[in-house]
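Start counting at 1 in the sequence shown, then tack on 2, and there's your number in the numbering used here.
Working notes for the structure below.
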Amino acid sequence: MEEALSKIRPHISSSLLHQRRPATLLIALEKTFREQSSEPSSTAYFAALLTTLEGTIQKNDIGLQDGDILPAELYLLALVLPFVPHPVVRTHLNTLLSLTNPLFPALSSQAPPLRSQLTIYQNIFKALDKHLLDAQGIRQSFASILQLCIDPRPKVRKKAADVVSDVLSVPPSPLLRHPYSERTADWVNSILQGVNSGPKFRSGTSSEGIGVENVIHVLAFLRPVLSRLPATSLSPITTALLALPRLGNPYLSQSAYSLLSDLFTVSAADISNNIGDQIPDVLSVILASPPTKMDTTLAPAWIQVLADSMLAYVQTSPEACANELGKIWKTVWNYLDSNDALTRKATAKSLDALCHCFSPDMISSAIGDNEGKSTLHRIISKVTKALDTLAYAHSIPEVLAVASSLIANLSYRPGGINSPTAAESLLVPLIIKVGDMRTSKGFEHKEKADATLAVAMRVLGPEIVLNALPLNLEPADRQAGRDPRAYLLPLLAQPHPSPLSHFMSYFVPLSERMFDLQQKAEAEGRSSEAKVWSVLVSQVWSGFAGYCSARRDLKESLTPGFAQLLSQILYTQIDLRPSVLKGLKVLVESNMALASPDPVKEVALPATQLSQKEAAANVTFLRSQAESWLAVLFNIFSSINPDSRGMVGEVISVWASITGQEEITKAYKKVFSLFRTNLESTQNVQASKGNADSGNTIAMTQDIILLLLPYLSPEEAFGLFGFCLSGEVLSAKDNAIQKRGYRTLTKLVESGKVQIGDLLAIFQKLDDLLDGISPAAKKDRFNLMAALVPLIPPDSLHIIPSLIPEAVLGTKEPSEKARSSAFDLVVAMGTKMSHGGVVKRSLLDGMDEDDAGAIDVAANIEEFMTMVAGGLAGASPHMISATVTAISRLVFEFKDVVSSKMLNEIVETMFVFLSSANREIVKSVFGFVKLSVHMLPVELLRPHLKQLVPALLIWSHDHKNHFKAKVRHIFERMIRRFGWEEIYGYAGNDDAAKVLVNIKKRKERAKRKKANENGDNGPQPSVKPVAGDAFEDVLYGSESEESEEETIAPHGNQSKKNVKFETRIRMDNNEPMDLLSGAASRVTSAMPGRRRNPGQDATHFKTDEETGKMIIDEKESGNEEDANNDQVAGNAYHENLTSVDGFTRGRNGRVKFNKDTKKRRRENEEQDMDVEMGDETGTTKAKKSKKKTEAPNVGREFKAKKAGGDVRKGGVDPYAYLSLRDTAKKGHGRAKIGITGKR
């Protein structure tokens, strides 16, 4: 509420009366609160506004013009009412109704106060109980709001419709449907029946006086509330909607059909209504008035309502729906050859819906029909013929989409799980046809064909598809003239029903033969051919994962020989390793998902899905092999680069999840023994010698332990915790060992397997190891401490003060991840303190029991913030700056629970540091000021503005560390919250106040510029801010600092986007065309002249008449001007990174400009000279055949860099003195010498 009110207060000085009057009223109310010393709560605002409104009405001051008091009162009341507790609203319900309900007639002529009135009633209805809805005033108000839903003013109409929709969506407890839903349905039905009772018309009003516009408004209102109406009312609404197309209004007809689609969708989800009985009559009425194919407005909606009605029909009467399917399919199919893309898209979508209406009996009868007379046979035949028909040439993508729908919806197996699918029995010729089109020369819709074949691969499996469409990849197939189908290999990776044995019998031998061909090509020096075979082998094995998802033949197929082959590939074939690892992972995950009592997801197809018992048997079989596979995976994990271990680690975790506890313990002991042995050997080696291999081995064993950690027993976890807490691990010389040691401890704590007893001893141990920590391990150390803090007992909170210095200093770490972890630790300690407990000050370090301050205090967030604030008295500016940052984070997290008194003390203390001479401290305080202005209440900050504004203005002209931009941004935020006049009033000094004047002018200028741009080019899309940490965004995000950058509009001719090219037949030079068959693959919609012919570039060169070889003229082969242009374009990115005017973006998207150094300026000057010389020599020197020798510049070593000449006692001498022996040499053809740059 405060945020909403803060946007109104600045308008007190607005020149617009309708903005100034609510602000004036709000300021007056708040002044009254301060005089009466009452808290400005939502209830207080509500009571004050209600009293003010009552007085206004009693005075009969009901003017509704700009500046009148009544609209301002309604506006503020509508703003405050959502935050008022519902019991308070119910208590004052009679007063509210008596004051506002009589205003409806008077407000009908003024839209702004009427919208405020609607908002008020929207919140009133939410607060009412069931018995209050029957009150006369409430029912009368709802009827008035219903009538406003057809108001001619769009904003009023939309607001009224939102109110009704919102009311119906939240029924009073315990009702499931709002009592007013039936009243709303009756009102809608009465309007629709009224317009249908009149004569046919196209515009204006009917004989009953209800206009078409009102009906359109009712239909727009009906769409969002349709699902909230009672089921008994949907049947008469359906009848009324069916009669609307007879009125002859295209838009009305489209809206009616669209609403009927929504209505059938609702009925399909809820079959308790009676719409299913009406569907035959609905279909007959809709089919009786089909639109033309040229009607691009009505046809898509008409087609969609047919599909939705059939989907609802199949839910209520599957057999009757199957009888109507042939007629509906034929009617919809006729629109597939339309010239309108939207109509074709709607047709394809409708046909896809009709494919869901295939019943099992219909499919079984089609399989047994050998004559092809069944409905399903006729549908398949129609789709197959359309692929060759010229009339459907421009509809090939839609036809392929329909083919995909047929394949996907014919996965039914009439004879059980082991029988073939209906798609295999009926659609193999169609799939072969699609495959032939995909391989045909010049076919443009290859992606759509691949999508269709992918569906076929998923439903039928590679065993069936490859039998119909062989790959033809081997040399014997090429010699026989068979087209290769390598495009099928990427489709193998998806789950499919083919057994794992098919991969072993078909693809393993194929990959071996292709690997031999690769080796042979490499031996004979054919590197390109070898690369092709290598890629094919990789694609074959990438399909291995598709064969691993929950297979019934797992026990028979995963033989020791095949497992040995997989292990050998993992060891020797690096390129194939990811594919095999993915397959091993899917092998376990798919069976585990199906074996669990509550499967999270379906991994395999429903038709071939294993039962829970079969999946559990597969898991048991895999568990018997888990120990061997873990050994293989451990060896692979230890032999590869650490950056490539992610995938192997995931597979280890998956297989460890099904491994027995005994095997896990055995594997863990081996790895832990290796870890300890190598760690001890590393300690014995002298630090000067080092042992990189041993360090890598230790880190590797730690990574494996981290992977096995979730599956360890509590005893093993406790022993591991004690060992990793030692100095051997946490103070090791190797950064990687430290990081993994802290990470292991953190995961052990989070897992809950380790029962931690003496937390004080653990924190003391960590404190003793602090000196040996490496910077790289600080993030993991902070994470460990953050995991331990919640475990501190409530009576041992004296541990927390000892952790504060390290956590606070961690907020200034150079690493962003370490800073984030330090902030999490600070927040974790604050959360722990906020939960309550006792802080025993007598047990704090350096505190004796006899000290006066050694008393026990209650733990809370304010006590913790007081502890953290002790760092403000630190000896170093770095500690003070870190403390300010930590307090900023605590205020950000706990501002809602910290008392106003505490926040006042913090704000007052922080603002004092703005006068510090240390920039590091001031920079942190700037962040706190930003946070305060952005998040703290206005009432809390206003008393401090007198101190804050002058302190900020002192830094407003300081350019170092971007202080000027930071201060300007803080003032912009303050002006948005408090208003420019209030901030300017505290400026004082005229020179300093110029900064605020400048900010005001900049904002006004930017606003005018934006308005002009929007007027010229339309509304500009808003730039989405870079997402990041919320605290970092508030602290360091700067809207104004980034707004100074110029946004470069994208160049290019936009008009080309709207150019459309009609479909045409592509002619090949030497091939005749058969227009009766296969013509669809020759139709193209590409721009003429864009298609490249083979060898067309070769025609630009001269050829030798005798040999036929191309003759390339060296003079014409190079174009220096294009080369220069390419060089400039290529250097643009490098120049942006290195030049003085360039900039880079940081991690959070913030702009960082390059520093203006002497080196950069010198490099820029040299580059500029190079570009100028390049332009000059590119046009002149290219024409010269002789090379000109550059004269040596004698004396350049004496040339002054900055001065105008040599400095002498009498002044500056403009000459440089050097020996002339080089210039005095005689000899024919000697080089010309330049003296001090002169020639």
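Think of the CB as a built atom: it goes at the ideal place given N, C-alpha and C, for glycine as much as any other residue.
For V900, no alpha helix (DSSP H) encloses it, and the DSSP letter there is neither H nor E. By the beta-carbon neighbour count (other beta carbons within 10 angstroms, threshold 16), Q766 is exposed. Going by beta carbons, E815 and H880 fall outside the 8 Å limit. Residue burial annotation: F623 is exposed, with fewer than 16 other C-beta atoms found within 10 angstroms of its C-beta. Where A860 is concerned, the enclosing beta strand (DSSP E) starts and stops at D858 to A860. Within the region 643-668, complete alpha helix (DSSP H) segments of at least 4 residues are found at 648-658, given in chain order. The continuous alpha helix (DSSP H) containing K329 extends over residues P320 to W335. By DSSP's assignment, V840 forms a beta bridge with A860. If you draw a straight line from the Cα of V165 to the Cα of K966, it comes to about 48 Å. The C-beta distance from S8 to R944 rounds to 11 Å, too long to fall under 8 Å, and the pair is not in contact. Listed in chain order, the non-local C-beta contacts of N920 below 7 Å within the same chain comprise P879, local neighbours out to five positions each way being set aside. Taking a contact to require three or more Cβ pairs closer than 8 Å, the region 425-444 and the region 506-518 do not qualify as touching. For I1113, the three-state secondary structure derived from DSSP is strand. Taking 8 Å as the cut-off, the Cβ atoms of A617 and A552 count as close. In this chain, N920 is not harboured by any alpha helix (DSSP H), its DSSP state being neither H nor E. Where I365 is concerned, the enclosing alpha helix (DSSP H) starts and stops at P362 to I369. The Cβ atoms of I863 and F896 sit closer than 8 Å to each other. DSSP, read as helix, strand or coil, puts P477 in helix. 8 Å or more divides the Cβ of R225 from the Cβ of D168. Listed in chain order, the beta strand (DSSP E) runs fully inside the region 689-743 amount to none, counting runs of at least 3 residues. Secondary structure note for V91: its alpha helix (DSSP H) is the uninterrupted segment H88 to T93.
Here P24 is buried, its C-beta having at least 16 other C-beta atoms within 10 Å. Linking K1002 to S934 through their CA atoms gives a straight-line distance of about 22 Å. Note on the region 533-562: whole alpha helix (DSSP H) runs with a minimum of 4 residues are 556-559, in chain order. In this model, L586 and Y253 are separated by some 57 Å (Cα to Cα). Three or more pairs of CB atoms, one per stretch, sit closer than 8 Å, so the region 121-129 contacts the region 81-99. Here the alpha carbon of A350 sits roughly 20 Å from the alpha carbon of R440.
8 Å or more divides the Cβ of S311 from the Cβ of L353. In the DSSP annotation of this structure, the continuous segment of the alpha helix (DSSP H) that includes C357 starts and ends at A343 to C357. The C-beta separation of S397 from D339 comes to about 6 Å, placing the pair in contact by the 8 Å criterion. One Cα belongs to Y988, the other to K925, and the distance between them is close to 22 Å. If you look at K587, you'll find it in the alpha helix (DSSP H) that goes R579 to A597.
If you check the CB distance, G548 and L583 do not come in under 8 Å. Your pair L761 and I801 checks out as a contact, with CB atoms roughly 7 Å apart and the cut at 8 Å. Taken through DSSP and simplified to helix, strand or coil, W982 comes out as helix.
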